[in-house]
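> Just so we're aligned, residue 2 is where the sequence shown starts under this note's numbering, counting upward by one. Glycine included, each C-beta is placed from N, C-alpha and C at the ideal position.
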Amino acid sequence: MPRPGLLRPVLLALVALVLLPLPSASARVDRRPDLQRLFAQAGTVGTMVVQERGGRRERTTIVGAPRSARRYLPSSTFKIPNSLLAIERGVASGADEPYPGPHPNVILDGAPLLPAQCEGDLTLATAFRFSCIPIYQQIAREIGLDAYRRDLRALRYGNGRLDPALADRFWLEGPFAISAREQVRFLQRLRTGRLPLRARTMDEVRRMMITEDTAGTVVRSKTGYVFTTTPRVGWWVGWVQAGERTWTFALNLDVTRPEHLAARTTIGRAILRELGAPLTG
């Protein structure tokens, strides 16, 4: 059964105090229109917001400023808050919660959209990794729309527009939406443990998000593919950590050709390297 009493008012009041902006000796915002060339070279348009932290250093870099404030469906990047709420509410015990197969695939343009792994036995962690939509639709039905309304407001995630007719797919079909800037603010709170959730809940999801862990650099991230709009939209969100330095980021771009799906991470990594993140390839 879902756990009642999530995000109590007293807890929210305490969190509100914690979330007050802190002064920084060197905070600045850099707009980098020159890096738009990376999107243009790939034959698309997009935006990326990167918030860098390290010691007392604080810098936000915005590529494609107007688009960075525009809201889009979150698609599979919603698996981050969805996993948090599933664990917090007891719908899933944690990253190792089992989901025995078989599971249906999703057909798009006459072909399976999801990898074959989504059709077999899964855990919450593998469903997250392979973006297995049916598992998260099952989770959504167990959480329920009323709980989502309350919890997403408390997490300050998205525009709050949840259509009752889309209760198990509102993040795929809308009008629920979020901007790149909002994604970064949410991820910063998750990264630093300042969401109104149990520490264990955040630890489990941060563990699920690890996509790279090499030579002292850890990447936690999630891709997303909005295939229900024209144009389609691709996301890549997360953060890079190297020692005391972090780069929290959100990228989205128009997907008008198949190769634009790979461009989500290739462009994103190129921008992160430009900003000093120690990434290869």
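Who pairs with D152 in a beta bridge, going by DSSP?
Position 151 of the sequence shown holds residue 152. Answer is none; D152 lacks a bridge partner.
> Where does A141 sit, in a helix, a strand or coil, going by DSSP?
Within the sequence shown, the letter at position 140 stands for residue 141. Here A141 sits in helix by DSSP.
> Do L156 and P75 have their C-beta atoms closer together than 7 Å?
Looking up residue 156 in the sequence shown gives position 155. Looking up residue 75 in the sequence shown gives position 74. No, Cβ-Cβ distance for L156 and P75 is not below 7 Å.
> Measuring alpha carbon to alpha carbon, tell me which of D122, N106, R58 ends up nearest A28.
In the sequence shown, counting from the first residue as 1, residue 28 sits at position 27. Of D122, N106, R58, the residue nearest in Cα terms is R58.
> What's the gap between the Cα of L18 and the Cα of M209?
Counting from one through the sequence shown, the residue named residue 18 turns up at place 17. Counting from one through the sequence shown, the residue named residue 209 turns up at place 208. At L18, the pLDDT of 37 sits below 50, so the modelled position is not reliable and the matter cannot be decided from this model.
> So, with DSSP's three-state summary, where would you put G269?
Reading the sequence shown from its first residue, position 268 is the one you call residue 269. Here G269 sits in helix by DSSP.
> In terms of alpha-carbon separation, which member of P116, R71, T218 lies closest to H104?
Start at 1 with the first residue of the sequence shown, and residue 104 comes out as number 103. The candidate whose alpha carbon is nearest that of H104 is P116.
> Do the stretch 140 to 148 and the stretch 181 to 190 meet, that is, are 3 or more Cβ pairs less than 8 Å apart?
These segments do not touch.
> Going by the CB atoms, is the gap between D169 and A128 shorter than 7 Å?
For the purposes of this step, residue 128 is identified with residue 127 of the sequence shown, where counting begins at 1. For the purposes of this step, residue 169 is identified with residue 168 of the sequence shown, where counting begins at 1. It is not a contact, given that the beta carbons lie outside the stated cut-off.
> Is the stretch 251 to 267 in contact with the stretch 41 to 61, if contact means three or more CB pairs nearer than 8 Å?
At 8 Å Cβ cutoff, the stretches touch.
> Looking only at C-alpha atoms, which of L36, S77, I88 sits nearest to A66?
In the sequence shown, counting from the first residue as 1, residue 66 sits at position 65. The candidate whose alpha carbon is nearest that of A66 is L36.
> Cα separation between G91 and G44?
Your numbering for residue 91 matches position 90 in the sequence shown. Your numbering for residue 44 matches position 43 in the sequence shown. Approximately 44 Å, taken between the alpha carbons.
> Inspect the beta-carbon positions of L163 and R150 and report whether they are closer than 7 Å.
For this step, residue 163 is matched to residue 162 along the sequence shown. For this step, residue 150 is matched to residue 149 along the sequence shown. In this structure, R150 lies closer than 7 Å to L163 by Cβ.
> My assumption, with CB atoms under 8 Å, is that T247 sits in contact with R54. Please give the rounded CB distance.
Working through the sequence shown from its first residue, we reach residue 247 at position 246. Working through the sequence shown from its first residue, we reach residue 54 at position 53. Confirmed, about 5 Å.
> Quick one: grab the DSSP three-state call for T124.
In the sequence shown, residue 124 corresponds to position 123, counting from 1. Here T124 sits in strand by DSSP.
> May I ask which residues mark the beginning and end of the alpha helix (DSSP H) holding M203?
As a working mapping, residue 203 is identified with position 202 in the sequence shown. Here the alpha helix (DSSP H) through M203 covers 200 to 209.
> Threshold first: 4 residues or longer. Then list the alpha helix (DSSP H) segments lying entirely within the stretch 22 to 100, N to C.
Taking only runs of at least 4 residues, the alpha helix (DSSP H) segments lying wholly in the stretch 22 to 100 are 37 to 42, 66 to 69, 80 to 89.
> Under DSSP, the alpha helix (DSSP H) around Q189 begins and ends at which residues?
Taking the first residue of the sequence shown as position 1, residue 189 is located at position 188. Unbroken alpha helix (DSSP H) run through Q189: 181 to 192.
> Could you check which residue in R71, L109, L191, P135 has the C-alpha nearest to that of D255?
Working through the sequence shown from its first residue, we reach residue 255 at position 254. Here the closest residue by C-alpha is R71.
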